[in-house]
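Enquirer: Taking the UniProt record's numbering, the leading residue of the sequence shown gets 1, the next gets one more, and so forth.
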Amino acid sequence: MAVGARRFALRDGTRTGHETLDHMVGTLTDAGAYARYLRGMEAFRSHAEQALARGDWSDLPVAVRPRPIAPALRDDLSALGLSPVAVAIAPLRLDSRSALLGGAYVLEGSAMGARLLRQQALALGFDREHGARHLAEQTDGSSWRAFVEALDTAPDYDGQQALAAAQAMFDTARAAFRALDTLAGADG
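Below is the structure:
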């Protein structure tokens, strides 16, 4: 198998869902857009990280376990005088090694997009010390290479299970933002 083949299959299989999510999040042009992003991302990451925590990681290298950033997202919300928003999201099922790897692919890969978001947050005056700690944590010392190596060498890998889990992660992120926007519309 070619180096990176599993990663590229996941990237190609999630491209549409990823692009749709990026469009939903949009550009962080002002404090309101940033607050929406924080709330949506906290709802998604809390849900996703809980699902990953329930998985059996015992036969997978530590390098494939995404760093939890939901606590930092909650700290960032608090720094801005905001609270997390409870949204109803369907449960994520990551009940195989391949599903865990597919889910982890989305969270580990998000560190690359976080670099752009970090620059947008900095332009708005948010940094590691005030309102953007999660972005600083997510972009510091990325473990992407170690993750890709572990993904490429994982035994008994089922590409369909991994892709289904990765797609479910993107579905969950979009559901978090849709639910948040629905709540905001109901409040407005």
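Every residue, glycine too, gets a C-beta built ideally from N, C-alpha and C.
Given the structure is predicted, the values throughout are model-derived calculations rather than measurements.
Kindly confirm or deny that the stretch 109-124 and the stretch 54-63 touch, where touching means at least three C-beta pairs closer than 8 Å.
Expert: As far as the Cβ criterion goes, the stretch 109-124 does not touch the stretch 54-63, which means the pair count is below three.
Enquirer: Take every Cβ of the stretch 71-83, pair it with every Cβ of the stretch 164-179, and state whether three or more of those distances are shorter than 8 Å.
Expert: No: the two stretches stay apart, fewer than three of their Cβ pairs being nearer than 8 Å.
Enquirer: Identify whether Asp156 lies in helix, strand or coil by the three-state DSSP scheme.
Expert: Residue state, collapsed to three classes: coil.
Enquirer: Pick helix, strand or coil for Gly13, following the three-state DSSP scheme.
Expert: DSSP places Gly13 in helix when its eight states are reduced to three.
Enquirer: Could you tell me which whole alpha helix (DSSP H) segments of length 4 or greater appear in the stretch 46-97?
Expert: Those alpha helix (DSSP H) runs which fall completely within the stretch 46-97 and span 4+ residues are 70-79.
Enquirer: Return the residue from the list Phe8, Pro91, Asp156 and His130 that minimises the CA-CA distance to Phe44.
Expert: Considering only alpha carbons, the answer is Pro91.
Enquirer: Could you tell me whether the Cβ atoms of Gln161 and Ser96 are closer together than 7 Å?
Expert: Yes, the Cβ-Cβ distance between Gln161 and Ser96 is below 7 Å.
Enquirer: Measure from the alpha carbon of Arg178 to the alpha carbon of each residue in Met24, Ala9 and Ala63, then state which is nearest.
Expert: Minimum Cα distance to Arg178 is reached at Met24.
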